[in-house]
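Following: one structure in structure tokens, then a few remarks.
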Amino acid sequence: MDALVLVSGRGSNLRAICRAIDDGRCEARIVGVVSDKRSAAGLGFAEARGIPTRVVPLEKGDDRDQWNVELGDQVASLNPELVVLAGFMRILGPPFLERFPGRIINVHPALLPSFPGHNGPKDAIKGGVRISGCTVHIVDDGVDTGPIIAQAAVPVLPDDTPETLHARIQVQEHRLLPEVIHRITLGEIELDPLKIKAAYADPSKFLSVPNV
Ligand code: GAR
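Here the sequence shown stands for residues 15 to 226, where the numbers follow the numbering used here.
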């Protein structure tokens with residue numbers, strides 16, 4: 015499976031995917047890493063690994079549709095079969111989404127549909143929940159609203175800050191995202207919303223609750 019990863023920041027999920035590929039836990043090839051931010055640390059990691067990178071910045075006042083078209087052009091030029099949002103902090107619009115139908119997934123640091131948006135861990139603490147986690151889902155044109163593929167849960171501890179909770183969630187993201195990519199490669203997960211719903215008939219295969 016030729017996968018392209020979109021990042022805006024640190025890129026720890028990108029590193030986790032690469033680690034899983036190196037260890038033979040994820041049968042995929044990263045054909046490119048694309049960012050909206052020149053400063054994204056994930057870009058440097060990709061370059062050091064010889065992965066092609068592209069930057070498509072979005073500045074204040076830029077035409078969003080045009081940016082979506084340019085981003086789509088750059089991504090398409092690398093011929094991915096799967097587009098993985100791993101800490102990509104922009105909302106993608108129809109001019110991008112329509113070019114890669116059913117081929118875009120995202121990892122989010124909360125148990126969706128609770129706490130979508132930019133501050134999953136902070137909002138979970140504010141919401142007073144005792145369990146949070148991460149979600150891998152198909153991307154649609156809403157904010158973290160697409161069909162859920164897989165989730166992993168972690169406890170929210172009494173003294174948690176957004177940072178400590180996020181760190182605990184990321185341990186699970188780093189395990190779950192490469193696993194989902196691997197299962198997509200194997201054909202065990204089809205990125206078809208109807209089939210994803212049917213998958214819940216066997217939750218043990220798709221809901222991963224780690225020992226905590
Ligand atoms: C990840 O925790 C990811 O779930 C989150 O950004 C972080 C990026 O970390 N994404 C979102 O909040 C999207 N709504 P990373 O750059 O170290 O992979």
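Heads up, the beta-carbon is just placed ideally off N, CA and C, and yes, glycines get one too.
Keep in mind that this is a model prediction, so the values were computed, not measured.
Between Glu61 and Thr199, the C-beta gap is not smaller than 8 Å, which leaves the two residues out of contact. DSSP places Cys40 outside both helix and strand once states are collapsed to three, so it counts as coil. With fewer than 16 other CB atoms across the displayed protein chains lying within 10 angstroms of its CB, Gln80 is exposed. For Pro109 and Val97, the gap between their C-alpha atoms comes out near 15 Å. In the structure shown, Ala164 adopts extended strand secondary structure according to DSSP, grouped into three states. In this structure, DSSP gives Ile31 a helical state, which the three-state scheme calls helix.
When DSSP states are grouped into helix, strand and coil, Gly58 belongs to the helix group. Runs of the beta strand (DSSP E) lying entirely within the region 117 to 145, each at least 3 residues long, are 118 to 122 in chain order. Taking the CA atoms as reference points, Gly147 sits about 18 Å from Gly25. Of the candidates Asp174, Met103 and Val70, the residue whose Cα lies closest to the Cα of Asp87 is Val70. Ranked by Cα distance from Ser22, the first of Gly38, Phe59, Arg43 and Asp16 is Phe59.
Less than 8 Å separates the beta-carbon of Arg113 from that of Ala90. DSSP places Gly147 in the strand class (E or B) of the three-state scheme. Per the C-alpha coordinates, the member of Met103, Leu191, Pro115 and Asp50 positioned closest to Val150 is Leu191.
Segment contact: the region 158 to 170 against the region 117 to 135, three or more CB-CB distances shorter than 8 Å; contact assigned. Sequence-distant Cβ neighbours of Leu18 in its own chain, meaning closer than 8 Å and more than five residues away, are Ile44, Val45, Gly46, Val47, Val48, Val89, Leu92, Pro94, Leu96, Val97 and Val98. Note on geometry: alpha-carbon atoms of Ala181 and Asp158 lie some 20 Å from one another. Between Glu204 and Ile210, the alpha-carbon positions lie close to 7 Å from each other.
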